[in-house]
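Only one structure is covered here, and it is reproduced in the block below.
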Amino acid sequence: LDKRVISGAEVIALQAVEQFALYTGVRPDAALVAEAAAFARG
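Our numbering numbers the first residue of the sequence shown as 1136 and each following residue consecutively.
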């Protein structure tokens, strides 16, 4: 099928981007959100 598989952490980061955009009207940089999530996980 040649489909890309993403981790649960990546799904959470993508959801965070969309939720922030819906609440604030500002779309954060997805790469920065993913980096912050990775930092928070340790």
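Ideal placement from N, C-alpha and C gives every residue a C-beta, glycine not left out.
Separation of Pro1163 and Ala1172 (C-alpha to C-alpha, rounded to the nearest whole angstrom) is 13 angstroms. In the DSSP annotation of this structure, the continuous segment of the alpha helix (DSSP H) that includes Arg1176 starts and ends at 1165-1176. By the criterion of a C-beta distance shorter than 7 angstroms, Glu1170 is surrounded by no residue of its chain, once the five residues flanking it on both sides are discounted.
With a cutoff of 8 angstroms on beta-carbon distance, Val1168 and Ala1144 are scored as not near each other.
A straight line joining the alpha-carbon of Phe1174 with that of Asp1137 spans about 30 angstroms.
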